[in-house]
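Participant: Heads up: the sequence shown is residues -21 to -1, 1 to 220, going by mature numbering (1 follows the signal peptide of the UniProt record, and there is no 0).
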Amino acid sequence: MLIRPRAVMLGFVFWSLCATAGASDPQLLEKGKSALEAGLSDEAISLFTQLIGIDPSAANYNQRGLAYSAAGRDGLAVRDFEKAASLEPQQPLYHLRKGAALTRIGNYQEAVKSLSRALELEPDNFQTFAYRARAFFHLGQANAAMDDLTRAIRRNPSNASLYKLRGDILSSAGEFDSAIQDYDTVIRLKPNDSAAYNNRGIALAQLGKLREAVDDLNRAMDIASSTPSQMQVPGVQGNPW
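Put into structure tokens, the structure is as follows:
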């Protein structure tokens, strides 16, 4: 059930690159960012390391942390985000990124601490709630995870992924009627989401609504077969937890 789509990670990195910037050598910074956007994470790490040698600022540690995350080296990313947060403790994004990296290496207790600090500083960031929900879920605190996803949805009600994640938690808790409502919303927002049809079909089957379940599962296969990137193994799909 645990899936970590690289596309999601890269999307988070690219969004993060635009959120903070700062260096005493703008050209070196731009080279590092360009390398990262091109998928050359090792080259980006080298460039940002040079940048830190020139200017050991929070922003530059942050940039190298993003490069480490893109390279799948989240343990090192945590150290850089922690350094950035120690230099600028009032910057919520550094706490968010540290918490996100901690979730990816499975240190959920510390992730909750970092993400809670980020929310103290920036209480309306839906991404922070979503990451903390993931950490709570892995700690066995499903209710806290659902509460955080509900808060995230209130702040970003058109984000289909949030409804899908909450639906998956509800389904895993046996609350199939509520899960189906969330999958309904996902399908309304993203009509060609094969995972939403698949997961709704499974929930419908659990309620004994077999004809509707078969329709959904067939629809999921039709979408997946026409979109190779959506092909997945049978079972609950689309859950990056």
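The beta carbon of each residue, even a glycine, is placed where N, CA and C say it ideally should be. Quantities reported herein were computed from a predicted structural model and do not represent experimental measurements.
Would you grab the beta carbon distance between residue 199 and residue 177 for me? Rounded to a whole angstrom, and I think it's under 8 Å.
Facilitator: Right, the Cβ-Cβ distance comes to about 4 Å (below 8 Å), so this counts as a contact.
Participant: Which one of 95, 113, 61, 145 has the shortest CA to CA distance from residue 83?
Facilitator: The shortest Cα separation from residue 83 among 95, 113, 61, 145 belongs to 113.
Participant: Mind checking residue 61: buried by the 16 CB within 10 Å criterion, or exposed?
Facilitator: Buried.
Participant: Please classify residue 118: does DSSP put it in a helix, a strand, or coil?
Facilitator: In this structure, residue 118 counts as coil in the three-state DSSP scheme.
Participant: Going straight from the alpha carbon of residue 64 to that of residue 35, what length do you get?
Facilitator: So the alpha carbons of these two residues sit roughly 13 Å apart.
Participant: Could you spell out where the alpha helix (DSSP H) holding residue 178 opens and where it closes?
Facilitator: Segment 173 to 185, the alpha helix (DSSP H) holding residue 178.
Participant: Going along the chain, which unbroken runs of the alpha helix (DSSP H) with 4 or more residues stay wholly within the segment 26 to 73?
Facilitator: Runs found: 37 to 49, 53 to 66.
Participant: What separation, rounded to the nearest whole angstrom, lies between the Cα atoms of residue 123 and residue 27?
Facilitator: About 37 Å.
Participant: With C-beta atoms as the reference, is residue 168 less than 8 Å away from residue 180?
Facilitator: Cβ atoms of residue 168 and residue 180: not closer than 8 Å.
Participant: Assign residue 170 to buried or exposed, taking buried as 16 or more other Cβ atoms, counted over all protein chains shown, within 10 Å of its Cβ.
Facilitator: Flag for residue 170 reads exposed.
Participant: Using only the alpha-carbon positions, how far apart do residue 69 and residue 23 sit?
Facilitator: Cα-Cα distance, rounded: 26 Å.
Participant: Let's see if you can read the secondary structure: which residues bound the alpha helix (DSSP H) around residue 156?
Facilitator: It spans 155 to 168 - the alpha helix (DSSP H) in which residue 156 sits, taken as one unbroken run.
Participant: At which residues does the alpha helix (DSSP H) containing residue 191 begin and terminate?
Facilitator: First-last of the alpha helix (DSSP H) with residue 191: 189 to 205.
Participant: How about residue 291 and residue 149: are their beta carbons less than 8 Å apart?
Facilitator: The requested residue 291 does not occur in the structure, where the chain is confined to residues -21 to 220.
Participant: Distance check for residue 6 and residue 141, CA to CA, integer angstroms please.
Facilitator: Approximately 38 Å, taken between the alpha carbons.
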